[in-house]
Each structure stands twice: as C-alpha cells, then as structure tokens.
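These protein sequence lines are chains Z and G, in that order.
Remember, my numbering sits 106 above the position in the first sequence when you count from 1.
Remember, my numbering sits 106 above the position in the second sequence when you count from 1.
This report refers to the structure that appears directly beneath it.
There are 2 protein chains.
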Amino acid sequence: MDMSTNNPILVELQRGGALESAHRGAVAVVDADGAVFSALGDIARPVFPRSAVKLLQALPLVASGAADELGLDDAMLALACASHTGEAIHVRTAAAMLTKAGLGPDALECGTHWPGLDAAARALAAAGQLPGALHNNCSGKHAGFLCLACTMHGRDGLAGFARGYVEAGHPVMREVGAALQAATGFDLSTAARGIDGCSIPTFAIPLRHLALAFARAGTGIGLSAGHALAAQRLRGAIARAPFLVGGSGRLDTRVMERLGERVCCKVGAEGVYCAALPELGLGIALKIDDGNNARAAEVALAALIEAVLPLDDADAAFLRGLSDVLLTNWNGREVGRLRASASLRGIAAA
Amino acid sequence: MDMSTNNPILVELQRGGALESAHRGAVAVVDADGAVFSALGDIARPVFPRSAVKLLQALPLVASGAADELGLDDAMLALACASHTGEAIHVRTAAAMLTKAGLGPDALECGTHWPGLDAAARALAAAGQLPGALHNNCSGKHAGFLCLACTMHGRDGLAGFARGYVEAGHPVMREVGAALQAATGFDLSTAARGIDGCSIPTFAIPLRHLALAFARAGTGIGLSAGHALAAQRLRGAIARAPFLVGGSGRLDTRVMERLGERVCCKVGAEGVYCAALPELGLGIALKIDDGNNARAAEVALAALIEAVLPLDDADAAFLRGLSDVLLTNWNGREVGRLRASASLRGIAAA
C-alpha cells in the first residue's frame, strides 16, 4: 500500500481566487467484465473500503433467505446497507430488525457513539438521554448480521451463537467475507486485514476490484444467481428508502432521493466511495488519499456521476450543485468554492 | 498557489499494518533573521494562515496601549489570540472584554455557531439554549478588535465607529494588517486576499515568512519595540492561561499547559500551524495540503516540536503521545496508528 506514487488532484478548495487546499486520490470506473472504462491515479493499490461495501456485506442476509423468513421490509434492508445519522427512524428501524431476530440492542457489537448528525445529538442531549448502540451509524448493518445469524442457527439459543459475530472466524463473518470475495474477485486470504470502526474486519482491495464488484452488483453479471437477485432486491430497497441508508443532509440520501435506481452509491470512512450505475453496466470506486470523506469524496462522486451518466438539465444542475459547492462563512458571506478538479471533470472523455 | 509540485507525506494513518491514508504538506523552521533552519516541501507557495496568526493580529491591541487602558488580564489577552471551544469560561471572558470596551455581544461581527466542543454544544442544547456570537471560536479575537477600536476612537460613539470593523478598509483592520505585514516581512498589498470564517480578511503568505514572523514574535528581533513588548506580553498571557487559547482537548492548550513559555503555538483552519520556540530563536509554520487540521496538522506540529526542542524524557514522551497516536474504535479496540512520517521525524537532522 505504497503512496509514493502521486495521485492527481481530484477536488480543490478555492478561497479569494486562490487554491487553498487540495485532495488527491484515485478513481476507477469499470464494467462487469472488469474492463476499465475510465481511471485516474493508482487503481491497483489496495485500499480499505470500510463502509462503502455494506451492500456487498448484506448480500448473504437476502441470499440466505433470512430477510424473507423474518419479513424484513425495504426500510430494514436499506438500513442493513446504511451508515446512518442516528435519527429517530434509524434507531427505531434497527430496533425492529433485532426484534424480528428475537434479540435486543445488547446483542449489537458495534459499540456506541453520539448520532452523526449534530442536530440529532443535541436533540438527544436536550431530552436528557445518552446514545446507545442503536445510534451507532452501523447499527443497521449489525442488526442485519444478527438476522442472518438467525437463519444459520435458528432462534433457539441464538444469543449464544451470535456472540462474537464481528470476529473474522465466526460463521456470519465468514459468509460476509465470502460474498465480498466473490463480488470483487479479489483473494481476501492474502489481503491486508484491518479492524473497522464497528469491529468487523475490513480488507484492503484495489479500487479496480471494488468498481468491478459494484458493476456486478448493478447488473448481476458475474454474480451467483442468489447474489444477483439479492443485489437487485437491496438496490430496490435503497432506492425506495434512501433516507434509511444515510439521513438528513447525507449525500447518499440526497443523490438517491433524486435519481432513484439509476445510482446506487455508498460512502465509506477515510474518503472511499463506491457506486453502481446499472443502466450503463458500470461500477465506480474512488479513494481520497488523505481520507477526507466529509467533503472530498462526496464532491468527487457527484462529479463522476455527472460526467458519466446521461442526465437531463435539471438532474445535471442538481449534481453540479454537489460537485461545485459555494462556501459561505458564519455570516453567510461567500468565501470560496469546493469543486471537482479539471482532471476529474475530464474523466468521461478520457 | 500552484499545487502541482508534490509535497512530501508528513502524517500517515496505519490500519491493519497497512497505510490507509496520508497527509502531504510543507514545513518551514526559520530563525529571526529569516535563515531556514530546516524545511520540507514548498515553503515559497503562499498559504492562507487563517487563525494561526491571531497572536500577530493581537499585537496592536497591546502595542496601542488599549489592553492596559482597559485593564485586560491574562485570560482576556489569551482569548484575544484564541480559537476556543465555546466553553463557559470562554463565553464569560469574551463578554467581560466587551464590557470593558463599553459594548455588548451584538457588536461582534464574527457570526454564530455551536460550540466547537461537542460536549459543550450538547450541554447548551440540554439547557434549552441556542449559541450566540460569544460562542464563536473567534469571539475573543473580535472582542480584542473592539477593545482596540476603543483607543482609536474613544468610547463615545464607539458602536458607530466599530461597525464594519471586519472590513479591510476599517482603521482597526488596517492596523491589524500592518502588524501582520511588519512581522512577516511580506507585502500584503500584492498578496491573494480571502475572507476568513469570521469575516475578516486573510492574506496568502509563504510558510517561510510565517515562520519568520513567529521567530520574531518569540524573540522580539526584527519587530518594532512596541510590537516586541506586545508579543512578549501576549506569549506570557497565553502561557499563564492556556485553556483560554483553546479549550478541552485542544492541542494548543495541552502543549502549553505542559511546556509553558517554551512553546507558543496556534492552529489555523485548513491544516495550518504556526509556533514560536523562543529559547531557540526559531519560528515554525506548516500547512497540510488537504486542509486537515483536526488530526494531520496537530500530529505534524507535535512531531516538529519533539524533533527540534531539547526535551527531558517525560516531555519527550508527552509529545510522542501526540505525534504517534494509537487509534481505537467504538469498542475501544486498537485499530491503527496516526503518526508523523519518517521524513517529518528526520527534519531536525536535515
């Protein structure tokens, strides 16, 4: 995972007409056969995808039949693929998933943090409450793992079976890892392995393979029949319940509320984004070198969709508002712009 | 402000034994005559120093006699140089400064935001309150500008005179700009000018000149007698009231609580740090290319102090804890390290 090669600047922050800060990174746009449609920077270097692959990690939940057996609805399936903001609907839906599995919040092994949305954190504090594991942005994914554990084991004695489900050797995590390996076509047994913020393993995978996985998830090509159907089902659920996969102000929610099933995208920590563009048969994966996802990865993803997907004027203007953002200060004065670089803008033509 | 030149990696994030993210940047360590003691990356490119130069911007407050005339104490002088976390003592001290000037919080033109410390924001929300301009991290600097306005105009009719004090053409801001130009030795009339988060002008200045200014502020060499005394007074005030210049958890506060007048450092937005090391006669200025100050600029500054300043074992261990940080996840599991790169570690020897 050498970074001595310099990736190009993907996103720039301008202030007073000058370049104040810049984010470098790499981008892969790949079809379901693995052919590179377009790329910038080093797409062979393995990167930890973090939460950007939650859809792939949720494939066994659906493909195993667990989702149907427990009667999980669109909101629950979208939440299983979510990095959510900890708002009331996220917390309630995660709790409902656990109830379906016959478990309570104490079965979650994701840890606890204050809601990612500041306003939600303040509202919780104003109500005199503290956050619990249900507020963790990964609680839906973990609830999904526990639902999967149900079908692997049966609900009788589930709590004991499920304990330690975040560990690489647990049957649940082995299923999840197998789905990730099958979709990416990358041998995870030799990959660098880290521990994610919510304690499950995260494997370092080249952007080229991550983009391939999303091209496959968007088309079904190259996946097993079960995984292909599961991916289709999850994409549909996310498109119908985009608030559940993110929350107030989140780019994933805003993009999918607008574009529906035309885009299935997911942010990951440390500046990673993955997306499927099903109608084009393409998958996208990008990583900002410096790990900035709050602004750089979002701007880059919006610019990529804008460059690659055929759009009417209104949708193009919507995306331009996300890839070229006017910055204002605490007094509402215009102070600069955050925007995609010319290299990134040119990717579709490349 | 070209960024096509690639600055070296200064800070690395390791996960699972692999490099997950990296922050590039440039560093200048300069003496009061402008000689470069040590450097990495492009130190000639102008960068916006943002809040890192608040001490220089506060020189006229002291040099003009305003601070003495109004009886500003150490806490107030430290707050005039602060980017604070919006805790009770910061709010109270900023209000007291305004009272000294015969003004109220409505004279502040910095804008309003929730306290930078999450716990302080939640405490405010839990008390059923909303933030005001006093909670703005720059409220002390602005209160200092208004105290300066006093001596320039007299308190009679001050409110009218002070209105618009954030504008480049206002007498207060012209004094502040002149102090910045004198200390840095950089002609601001030809510099790129942006607007800062709190609405005052910010000028793009090469790191070499910013480091020079802090070498001067730490020694008095090259400053007017009035500015030299003012810098000494401000450094002393900050060393005696380091909580006021930052707040809970802030690096500036932690470093100066430990090292006192041996280091006078200040973070700025978009990954800038400036510091004076008076006993060595050196000034430091650094900028992280991608603008990350929450982790990268802090780690880099700590590593630089560690590399340059003679330290006993306890102080060295303290700084190592800030320049090589163990990362844990929501479950308290060790997931990685955030640390200074080998190039940055080697700077003292370079």
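We treat Cβ as the ideally placed atom computed from N, Cα and C, and that holds for glycine.
Keep in mind the model is a prediction, meaning the values are calculated, not measured.
Hey, quick one: how far does the alpha helix (DSSP H) through residue i stretch, first residue to last?
| i | result |
| --- | --- |
| His315(Z) | Leu313 to Thr325 |
| His129(G) | Not the alpha helix (DSSP H): His129(G) falls in the beta strand (DSSP E), residues Ala124 to Asp137. |
| Gly374(G) | Segment Cys370 to Gly374 is the beta strand (DSSP E) holding Gly374(G); no alpha helix (DSSP H) there. |
| Phe267(G) | Leu264 to Ala268 |
| Leu165(G) | Leu165 to Ala169 |
| Leu286(G) | Pro277 to Thr290 |
| Glu175(G) | Ala172 to Leu176 |
| Ile453(Z) | Careful: Ile453(Z) lies outside any alpha helix (DSSP H) and carries neither H nor E. |
| Arg261(G) | Premise fails: Arg261(G) is in no alpha helix (DSSP H) and is neither H nor E. |
| Arg364(Z) | Leu357 to Leu365 |
| Ala409(Z) | Glu404 to Val414 |
| Leu230(G) | Asp224 to Ala232 |
Taking the alpha carbon of residue i as the point to measure from, which residue in the options has its own alpha carbon closest?
| i | options | result |
| --- | --- | --- |
| Gly397(Z) | Gln120(G), Ala207(G), Ala337(G) and Gly342(G) | Gln120(G) |
| Ala347(G) | Gly452(G), Gly366(G), Leu335(G) and Gln338(G) | Gly366(G) |
| Met258(G) | Ala173(G), His333(G) and Leu410(G) | Ala173(G) |
| Glu118(Z) | Asp430(Z), Gly438(Z) and Trp436(Z) | Asp430(Z) |
| Leu223(Z) | Ala323(Z), Gly131(Z) and Ala194(Z) | Ala194(Z) |
| Leu316(Z) | Leu125(Z), Asp139(Z), Lys206(Z) and Ala231(Z) | Asp139(Z) |
| Glu440(G) | Pro114(Z), Ala337(Z), Met182(Z) and Gly300(Z) | Gly300(Z) |
| Gly377(G) | Leu415(G), Arg401(G), Cys371(G) and Gly387(G) | Arg401(G) |
| Leu410(G) | Arg426(G), Ala420(G), Thr296(G) and Asp418(G) | Arg426(G) |
| Ile306(Z) | Leu318(Z), Ala321(Z), Glu273(Z) and Gln338(Z) | Glu273(Z) |
| Phe424(G) | Val361(G), His129(G) and Leu230(G) | Val361(G) |
| Arg341(Z) | Glu175(Z), Ala181(Z) and Ser447(Z) | Ala181(Z) |
| Leu385(Z) | Cys370(Z), Leu286(Z) and Arg443(Z) | A small fix is needed here, since residue 385(Z) is Glu in this sequence, not Leu. Of the listed residues, the one whose Cα sits closest to Glu385(Z) is Cys370(Z). |
| Gly130(G) | Gly122(G), Leu176(G), Gly123(G) and Ile115(G) | Note on residue identity: the sequence assigns Arg, not Gly, to residue 130(G). Out of Gly122(G), Leu176(G), Gly123(G) and Ile115(G), Ile115(G) has the C-alpha closest to the C-alpha of Arg130(G). |
| Gly480(G) | Gln338(G), Ser330(G), Gly291(G) and Ala331(G) | In the structure displayed, chain G extends from 107 to 456; residue 480(G) sits before or after that span and is not available. |
| Arg368(Z) | Pro416(Z), Ala231(Z) and Val142(Z) | Pro416(Z) |
| Ala420(G) | Val197(G), Arg445(G) and Arg364(G) | Arg364(G) |
Quick one: give me the first and last residue of the beta strand (DSSP E) that residue i is part of.
| i | result |
| --- | --- |
| Thr434(Z) | Asp430 to Thr434 |
| Ser144(Z) | Val142 to Leu146 |
| Ile344(Z) | Looking at the DSSP string, Ile344(Z) is not in any beta strand (DSSP E); the run it does join, the alpha helix (DSSP H), is Ala331 to Arg346. |
| Cys380(Z) | Val378 to Leu383 |
| Phe309(G) | Pro307 to Phe309 |
| Ala446(G) | Glu440 to Ala446 |
| Val117(G) | Ile115 to Arg121 |
| Ile195(G) | First-last for Ile195(G): Ala194 to Ala207, but that is the alpha helix (DSSP H), not the beta strand (DSSP E). |
| Ala391(G) | Leu388 to Ile394 |
| His299(Z) | Residue identity check: residue 299(Z) is Arg in the sequence provided, not His. Run containing Arg299(Z): Arg299 to Ile301, per the beta strand (DSSP E) assignment. |
With a CB to CB cut of under 7 Å and the five nearest residues on each side skipped, what residues in its chain are close to residue i?
| i | result |
| --- | --- |
| Pro211(Z) | Ala201, Leu204, Gly238, Ala239 and Leu240 |
| Ala213(Z) | Leu204, Leu252, Ala265 and Ala268 |
| Gly336(Z) | Reading the sequence as shown, one finds Ala at residue 336(Z) and not Gly. Cβ neighbours of Ala336(Z) beyond the five flanking positions: Leu165, Val168 and Ala169. |
| Ile149(Z) | Ala132, Ala134, Pro312, Leu313 and Arg314 |
Here's a check: name, in chain order, each residue in its chain whose Cβ is nearer than 6 Å to the Cβ of residue i, leaving out the five neighbours to either side.
| i | result |
| --- | --- |
| Val133(G) | Leu146 and Leu392 |
| Phe251(Z) | Tyr271 and Val278 |
| Gly326(Z) | Ala334 |
| Trp220(Z) | Ala227 and Pro237 |
| Phe349(Z) | Thr359 |
| Val351(G) | Ala184, Cys187, Ala188, Ile344 and Asp358 |
| Ala289(Z) | Leu162, Ala319 and Arg322 |
In its own chain, which residues sit with a C-beta less than 8 Å from the C-beta of residue i, not counting the 5 before and 5 after it?
| i | result |
| --- | --- |
| Gly270(Z) | Glu215 and His276 |
| Ala158(Z) | Leu316, Lys372, Val373, Gly374, Val378, Tyr379, Cys380 and Ala391 |
| Gly208(G) | Cys256, Arg261 and Leu264 |
| Asn399(G) | Val373, Gly374, Ala375, Glu376, Gly377, Val378 and Tyr379 |
| Glu47(Z) | Outside the modelled stretch of chain Z, which goes from 107 to 456, sits residue 47(Z), for which no answer is possible. |
| Gly283(Z) | Ala274, Leu294, Pro307 and Phe309 |
Does the beta carbon of residue i fall short of 7 Å from some heavy atom of the ligand ADP?
| i | result |
| --- | --- |
| Ala231(Z) | The ligand ADP is not among the ligands present in this structure, which contains no ligands whatsoever. |
Members of the stretch 389-402 of chain Z that neighbour chain G once the beta carbon cut-off is set at 7 Å | Asp395, Asp396, Gly397 and Asn398
Please list the residues of the stretch 292-304 of chain Z that have a C-beta atom closer than 8 Å to any C-beta atom in chain G, keeping them in chain order.
-> Ala298, Arg299, Gly300, Ile301, Asp302, Gly303 and Cys304
May I ask you to list, following chain order, the residues of the stretch 432-450 of chain Z that have a beta carbon less than 9 Å from some beta carbon of chain G?
-> Asn435, Trp436, Asn437, Gly438, Arg439, Glu440, Val441 and Gly442
Short-range partners of chain Z found in the stretch 131-160 of chain G, where Cβ spacing is below 7 Å = Phe154
At least 3 beta-carbon pairs within less than 8 Å: the stretch 148-164 of chain G vs the stretch 162-172 of chain Z = no
Flag this pair as touching only if the stretch 299-314 of chain Z and the stretch 149-159 of chain Z have three or more C-beta atom pairs under 8 Å; answer yes or no.
-> yes
Can you give me, in chain order, the residues of the stretch 209-223 of chain Z that have a beta carbon less than 8 Å from any beta carbon in chain G?
-> Against chain G - using a Cβ distance shorter than 8 Å - the residues of the stretch 209-223 of chain Z are Glu215, Cys216, Gly217, Thr218, His219 and Trp220.
Of all the residues that make up the stretch 227-252 of chain Z, which are near chain G by a beta-carbon distance shorter than 9 Å?
-> Of all residues in the stretch 227-252 of chain Z, those with a C-beta nearer than 9 Å to a C-beta of chain G are Ala227, Arg228, Ala229, Leu230, Ala231, Ala232, Ala233, Gly234, Ala239, Asn242 and Cys244, reading in chain order.
Using 8 Å as the threshold, is the stretch 421-441 of chain Z in touch with the stretch 394-408 of chain G, meaning 3 or more CB pairs across them?
-> They do not touch, by the three-pair rule.
Where the stretch 363-382 of chain G meets chain Z: residues whose CB sits under 8 Å from a CB there | So the list reads Glu376 and Gly377, given in the order they occur along the chain.
Any 3 or more C-beta pairs closer than 8 Å across the stretch 241-249 of chain G and the stretch 180-198 of chain G = With a cut-off of 8 Å, the stretch 180-198 of chain G and the stretch 241-249 of chain G count as touching, because enough Cβ pairs lie within range.
Contact list for the stretch 117-131 of chain Z against chain G, Cβ threshold 7 Å = Leu119, Arg121, Gly122, Gly123, Ala124, Leu125, Glu126, Ser127, Ala128 and His129
Contact residues within the stretch 302-321 of chain Z, judged by C-beta distance below 8 Å to chain G = For the stretch 302-321 of chain Z, the set of residues with a beta-carbon nearer than 8 Å to any beta-carbon of chain G comprises Asp302, Gly303, Cys304, Ser305, Thr308 and Ala310, in chain order.
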